[in-house]
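Undergrad:
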Amino acid sequence: MKSNKPFYFILFATVLAVFVSQNLLAQEELKNPLRIGSTNKLNFAERTAQIPIIDSDFPGGNVVIDKVLGDTIFFKPALRDTPREWFYWCFTVKNTSNKKWFFKATKPNVLTNLGAAYSKDGGYGWNWIDQSNYLGPDLFSFEFSGDGEPVMFSMGMAYTQKNFDKFMLQHKNSKYIRKSVLSTTRAGREVEQLLISNFDSQPKVRVLFTARAHAGEMMSNYIIEGMLDAMLSGNASMDKLLENVEVMIIPFLDKDGVEQGDQGKYRSPRDHNRDYSGESIYTSTKAIREDIPKWIDGLPWIGIDLHNPWIKGENNEWVYFVGNEEERISAAQEKFVNTLIRTQKGPLTINSKTGFLAYGTAWNKGSNYEQGYSFSKWASGFLDEGLIMTTTLEFPFGINNGQLVTQEKARLFGKDLIYALSEYIEGQ
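Heads up: the sequence shown begins at 1 in UniProt numbering, then just goes up one per residue.
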């Protein structure tokens, strides 16, 4: 009979090699949180059960998962029709094991200086991750409870149609607000417009607020919530405002982009905030250019476009207004900023040092508008036709001059904004 010794020798050597390699790998894993394997001696079914379910198939969802290795998820934003690097992302993770997972961005500058925001209720209430879990400019971790409930993560406090609809329920019976449709998007979604006023008397001034020209800039909607709560609060000064002023708010200018989870910024061939010259390619900007002059109807008016800046760093971590190249408008802007500085009461403050970015400073130069007119550039054309002031507000995602930005603090800033605007209008 032929001997099986060579076979058993090879089998023994193979088992020994696997044992040694697994132990070496385990030692390496203990040194490095970005693990490439698992030290747990689990069967295939158990390992599969511990792999989290990652999803971005929901309104506002956006992510590219490069890989999942060990306990680390490697991800980056889906740029879609934005031809340069940008930073919006939002996805959910469902995990059935009580385990800490690591999240490694494979592109730079997609986390704020607070790391990521998370929500445990489907994207209605948001918090920043515990700062002990913010492990670097491209890395954060999160401890899951193992209950299998999805946790939503985003670079900011994501806000879509469902958030707006839930908020509006509390004001559905108000006689001071009317909702209609500005336009219908290419995908068939309605771009709503809100009118807020007394409606019993002819307004003396009209004010237009626009938001989400860049789909990923969600913090503007919390400002809108704060303004609406203030205007509909029954406060005497707000009632006086609504007796004399009609306010229009367009909360989602790029409605398709918001619901699809697009970047929006630098969208090819141009984004919504460069679509105010030539022939507009988006239904919402086209409607603004055609309908707003009719709505103004010769009255004095103000136009304010709400934005969020880049994700972090200088000129991106404080509230500021963008100066206009027209000197008369710039002077009106500075007067309004000073009114806001003087009257503000909320926790997020604006100051004279950083609160106004004059034209010709930093990025605010003519070269920034080569793709087309912005909203403020378009509105400036009405300077001798009743325009009091137009401006762009840049409101940060996570940090404001060292102050933590939250949903509620953003709402309170919106309250400060509308009160300051009321006083500013009275002073005209």
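Positions of the beta carbon are idealized from the N, C-alpha and C atoms, including for glycine. Please read all numbers here as calculations on a predicted model, not as lab measurements.
In the structure shown, what three-state DSSP assignment does residue 258 receive?
TA: Helix, per DSSP.
Undergrad: May I have the straight-line CA-CA distance separating residue 363 from residue 309, to the nearest angstrom?
TA: In a straight line, the C-alpha of residue 363 is about 11 angstroms away from that of residue 309.
Undergrad: Among all the DSSP beta bridges, which residues are the ones paired with residue 317?
TA: Residue 317 pairs with nothing; no bridge assigned.
Undergrad: How long is the line joining the alpha carbons of residue 174 and residue 197, rounded to whole angstroms?
TA: Distance between the alpha carbons of residue 174 and residue 197: 11 angstroms.
Undergrad: Skipping 5 residues on each side, what residues in its chain have a beta carbon closer than 7 angstroms to that of residue 360?
TA: Within the same chain, residue 360 has no close Cβ partners at all.
Undergrad: Only counting the same chain, and skipping five residues up and downstream in sequence, which positions put a Cβ closer than 6 angstroms to that of residue 315?
TA: For residue 315, where only same-chain residues beyond five positions count, the Cβ hits under 6 angstroms are 362.
Undergrad: Alpha carbon to alpha carbon, how far is residue 104 from residue 111? Give it in angstroms, no decimals.
TA: In a straight line, the C-alpha of residue 111 is about 10 angstroms away from that of residue 104.
Undergrad: By how many angstroms is the C-alpha of residue 206 removed from the C-alpha of residue 302?
TA: Looking at the two C-alpha atoms, the distance is approximately 7 angstroms.
Undergrad: Over what stretch of residues does the alpha helix (DSSP H) that includes residue 224 continue unbroken?
TA: Counting along the chain, the alpha helix (DSSP H) containing residue 224 begins and ends at 219-231.
Undergrad: I'd like the span of the beta strand (DSSP E) that includes residue 162, first residue to last.
TA: It is not in any beta strand (DSSP E) - residue 162 instead sits in the alpha helix (DSSP H) that spans 161-168.
Undergrad: Distance check for residue 161 and residue 33, CA to CA, integer angstroms please.
TA: Caution is warranted here: a pLDDT of 38 is assigned to residue 33, below 50, making its placement in the model unreliable, and no coordinate value can be reported.
Undergrad: Please confirm whether residue 417 and residue 223 have their CB atoms less than 8 angstroms apart.
TA: In contact: residue 417 and residue 223 (Cβ atoms closer than 8 angstroms).
Undergrad: Between 262, 412, 152, 280, which lies nearest to residue 116 when the distance is taken from Cα to Cα?
TA: Of the candidates 262, 412, 152, 280, the one whose C-alpha sits nearest the C-alpha of residue 116 is 152.
Undergrad: Per DSSP, which one or two residues make a beta bridge with residue 118?
TA: DSSP lists 127, 153 as partners of residue 118.
Undergrad: Please classify residue 365 as buried or exposed, where buried requires at least 16 neighbouring CB atoms within 10 angstroms.
TA: Residue 365 comes out exposed.
Undergrad: Less than 8 angstroms separating the beta-carbons of residue 259 and residue 189?
TA: Yes; because the gap between Cβ atoms is below 8 angstroms, this pair is in contact.
Undergrad: Using only the alpha-carbon positions, how far apart do residue 293 and residue 79 sit?
TA: Taking the straight line joining both Cα atoms gives about 35 angstroms.
Undergrad: Figure out for me which residue from 218, 69, 146 has the closest Cα to the Cα of residue 411.
TA: Residue 411 has its Cα closest to that of 218, out of 218, 69, 146.
Undergrad: For residue 177 and residue 170, I'd like the C-alpha separation in whole angstroms.
TA: Residue 177 and residue 170: Cα-Cα distance of roughly 12 angstroms.
Undergrad: Which residue comes first and which comes last in the beta strand (DSSP E) that contains residue 295?
TA: Premise fails: residue 295 lies in the alpha helix (DSSP H), 283-296, not in any beta strand (DSSP E).
Undergrad: Please state the DSSP three-state secondary structure of residue 429.
TA: Only positions 1 to 428 of the chain appear in this structure, which leaves residue 429 out of reach.
Undergrad: Contact defined as beta carbons within less than 8 angstroms: I believe residue 60 pairs with residue 261. What is the distance between those atoms, to the nearest angstrom?
TA: That belief holds up - the Cβ atoms of residue 60 and residue 261 are roughly 5 angstroms apart, short of 8 angstroms.
Undergrad: With burial defined as no fewer than 16 other Cβ atoms inside 10 Å of the residue's Cβ, what is the status of residue 311: buried or exposed?
TA: With 16 or more other Cβ atoms within 10 Å, it is buried.
Undergrad: Which residues does DSSP list as the beta-bridge partners of residue 183?
TA: DSSP output for residue 183 lists 191 as bridge partner(s).
Undergrad: Can residue 129 and residue 191 be called in contact, C-beta distance under 8 angstroms?
TA: No. Outside cutoff.
Undergrad: Rounding to the nearest angstrom, what Cα-Cα distance links residue 114 and residue 399 in this structure?
TA: Going from the Cα of residue 114 to the Cα of residue 399 covers about 8 angstroms.
Undergrad: Considering residue 429, what are the terminal residues of the beta strand (DSSP E) in which it resides?
TA: With the chain represented from 1 up to 428, any question about residue 429 goes unanswered, as that position is not in the structure.
Undergrad: Might you give, ordered along the chain, the residues of its own chain that have their beta carbon closer than 6 angstroms to the beta carbon of residue 270, omitting 5 neighbours on each side?
TA: Only 371, 372 meet the Cβ criterion.
Undergrad: Should residue 185 and residue 283 be called a contact, given that it needs their Cβ atoms to be closer than 8 angstroms?
TA: Yes, Cβ-Cβ distance for residue 185 and residue 283 is below 8 angstroms.
Undergrad: Note the first and the last residue of the continuous alpha helix (DSSP H) segment covering residue 376.
TA: 375-380 is the span of the alpha helix (DSSP H), which, as asked, contains residue 376.
Undergrad: How is residue 100 classed by DSSP in three states: helix, strand or coil?
TA: Residue 100 falls in the strand class under three-state DSSP.
Undergrad: What residues match up with residue 307 in a beta bridge as DSSP calls it?
TA: The partner list for residue 307 (beta bridge, DSSP) reads 394.
Undergrad: Whole angstroms are fine: how far does the CA of residue 82 sit from the CA of residue 380?
TA: Spanning the two alpha carbons is a distance of roughly 27 angstroms.
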